[in-house]
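According to our numbering, the residues represented by the sequence shown are 47 to 308, in order. Backbone N, C-alpha and C define an ideal beta-carbon position, used for all residues, glycine too.
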Amino acid sequence: MTKIVATGKTIEDAVAQGLARWGVSQDRVSVQVLSQPSRGFLGLFGVKEAKVELTLLPDGAGGDSSVKEVPPTNAQAVPAKVVQVSNTSVMTQEPPAVSSDIENPATASFEGKDPYQEAITFLMDTGQAMGLDISVEIEKGKDFTTLQISGAGLGLMIGRRGQTLDALQYLANIVANRYSNSYLRIVLDAENFRDRRKKTLEDLADRLAGRVLKTRKEIVLEPMPAAERKVIHAKLQSHGAVKTYSKGEEPNRRVVITPKSS
């Protein structure tokens with residue numbers, strides 16, 4: 047008997063992949079589950095896919111009873127193709143030209159899930175992993191949505207100068223956009239850190255501008271994220287005696303404050 051091993055996000059997806067590669071119906075195979083799917087750390091890293099072994103039955107043989115454990119899939123007998131992604135071959139299914147009723151197993155699991163709630167769940171799981179009891183509120187705006195974190199001990203989630211918060215914001219955006227057909231922008235905040243950090247940077251810009259005027263020498267700031275460099279530039283944009291620009295490559299790009307030419 048011919049055998050094949052297939053993987054997928056769920057047992058059903060893995061079986062569908064194997065059936066698509068053979069172009070046979072479900073009653074032509076016997077299915078053995080080799081491993082169950084599992085979520086990795088925080089649902090993002092180290093995700094383990096389901097793995098199944100399909101055994102092709104001889105013509106005329108009845109379907110094995112183990113196949114009944116897998117719900118019938120609409121992906122059977124669908125041509126398959128291999129897509130190369132970051133040096134990894136991923137089996138995907140071509141939608142059939144003759145029917146629009148066949149559901150794509152790759153997108154079926156995304157239906158009905160709210161992107162923001164998925165991001166909140168990610169943050170709640172992260173807080174729990176860090177030993178924190180947190181809550182998250184949504185504040186929707188025109189250009190972006192803010193997820194405001196509340197709770198005790200949030201310094202752990204903020205980190206030095208907001209570095210941990212920025213990293214979590216990056217990941218929360220990834221999670222949310224996995225479940226959205228259009229791009230979503232999420233800003234993560236905790237204890238109003240963003241406003242406090244902005245005020246700190248604006249005060250710093252004023253002080254350093256004064257020093258540049260006094261010494262007539264430019265000052266190069268330490269590397270900053272793009273959002274923080276933007277605060278410095280905006281604060282000194284209308285300054286009459288100094289100007290700013292950025293130099294260097296990410297993540298070591300810096301703001302330079304220099305006297306204006308007389």
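Assumed close pair Leu214, Leu259 - CB separation to whole angstroms, cut-off 8 Å | For the purposes of this step, residue 214 is taken as residue 168 along the sequence shown, with counting starting at 1. For the purposes of this step, residue 259 is taken as residue 213 along the sequence shown, with counting starting at 1. Rounded to whole angstroms, the Cβ separation of Leu214 and Leu259 is 38 Å, and the two are not in contact under 8 Å.
The region 252-268 contacting the region 226-244, beta-carbon criterion three pairs below 8 Å = No, they do not touch.
Between Ile265 and the rest of its own chain, which residues show a CB-CB distance below 6 Å, the 5 nearest in sequence each way excluded?
-> Indexing the sequence shown from 1 puts residue 265 at position 219. Residues Leu254, Val258 and Ile303 of the same chain have their beta carbon placed closer than 6 Å to that of Ile265, with the five preceding and five following residues left out of the count.
Spell out the partners DSSP gives Tyr225 in its beta bridges.
-> Within the sequence shown, residue 225 is the residue found at index 179, counting from 1. Beta-bridge annotation (DSSP): Tyr225 is not paired with any residue.
From which residue to which residue does the alpha helix (DSSP H) around Lys49 run?
-> Numbered from 1 along the sequence shown, position 3 holds the residue referred to as residue 49. Careful: Lys49 lies outside any alpha helix (DSSP H), inside the beta strand (DSSP E) at Lys49 to Gly54.
Burial state of Gln163 (16 or more Cβ within 10 Å) | For this step, residue 163 is matched to residue 117 along the sequence shown. Label assigned to Gln163: exposed.
Rounded separation between Val233 and Gln174 - CA only | Position 187 of the sequence shown, counting from 1, holds the residue named residue 233. Position 128 of the sequence shown, counting from 1, holds the residue named residue 174. For Val233 and Gln174, the distance between alpha carbons rounds to 20 Å.
DSSP beta-bridge partners for Ile180?
-> Numbered from 1 along the sequence shown, position 134 holds the residue referred to as residue 180. Gly197.
Count the other CB atoms within 10 Å of the CB of Ala198; is the residue buried (16 or more) or exposed (fewer)?
-> Here residue 198 refers to the residue found at position 152 of the sequence shown. Its Cβ having fewer than 16 others within 10 Å, Ala198 is exposed.
Those residues which DSSP pairs with Ala96 across a bridge = For the purposes of this step, residue 96 is taken as the residue at position 50 of the sequence shown. Bridge pairing for Ala96: Gly54 [DSSP].
Could you tell me the distance, in whole angstroms, from the CA atom of Ala121 to the CA atom of Lys49?
-> Translated into positions along the sequence shown, residue 121 becomes position 75. Translated into positions along the sequence shown, residue 49 becomes position 3. Confidence at Ala121 is low in this model, with a pLDDT of 38, below 50, so its placement is unreliable and no value can be given for it.
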